Every structure is written in C-alpha cells, then in structure tokens.
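J.: Following this message is one structure expressed as structure tokens.
In the numbering used here, the protein residues as written are 13 to 96.
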C-alpha cells in the first residue's frame, strides 16, 4: 500500500503537515496519539483480566432505592408533562 512512497513523497507530506497544523502543534498531536494508544492497550489488558477476581461496580452498589410515599410506583398513572 505504501510501497511506492519515496523520500520526496515523505518530505512533501511532512511539509503539508507543518503547513496545516503548525510546527508547535505536531509534537502535541503525537503525544496525544501516544497517550490514546497507551490507554487503549491498558483497557484491553483490564478487559482481559479474570472478571471473578473483582466484582463489577454495579454489583457492589446494589441497594434498593428508598421508597417515597409521595411518588407513585413506576408505570402507574399518566406521565407528567413539563410544558404544554
């Protein structure tokens, strides 16, 4: 795919990058791409860990909400309108 790229082609691409983004922005873009790749690899590694070793966050906080006498149960009655 990139086999036909010669040194002159690469130099032209670098010149276009400098003209479009500016010389000061190119290192910032490179570092943000590197941080994104690191975060992606970390998330893949975390997803590959044994799920039985640590319970999911949703399972740790499974407490029923406090029942309020003023609010109707879900599905009961007509929905309230915010404005007409």
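Ideal placement from N, C-alpha and C gives every residue a C-beta, glycine not left out. These numbers come from a predicted model, not from an experiment.
Return the first residue and the last residue of the alpha helix (DSSP H) that residue 36 is part of.
T.: Premise fails: residue 36 is in no alpha helix (DSSP H) and is neither H nor E.
J.: So what does DSSP say about residue 54, is it helix, strand or coil?
T.: helix
J.: What did DSSP end up calling residue 15 once you bin it into helix, strand or coil?
T.: coil
J.: State yes or no: is the C-beta of residue 30 within less than 8 Å of the C-beta of residue 38?
T.: yes
J.: Is residue 15 close to the ligand SAM? I mean its beta-carbon at under 7 Å from any heavy atom of the ligand.
T.: Ligands in the displayed structure: none, and consequently the ligand SAM is not present.
J.: Return the chain-ordered list of same chain residues with a C-beta closer than 7 Å to the C-beta of residue 33, the five sequence neighbours on each side being excluded.
T.: 41
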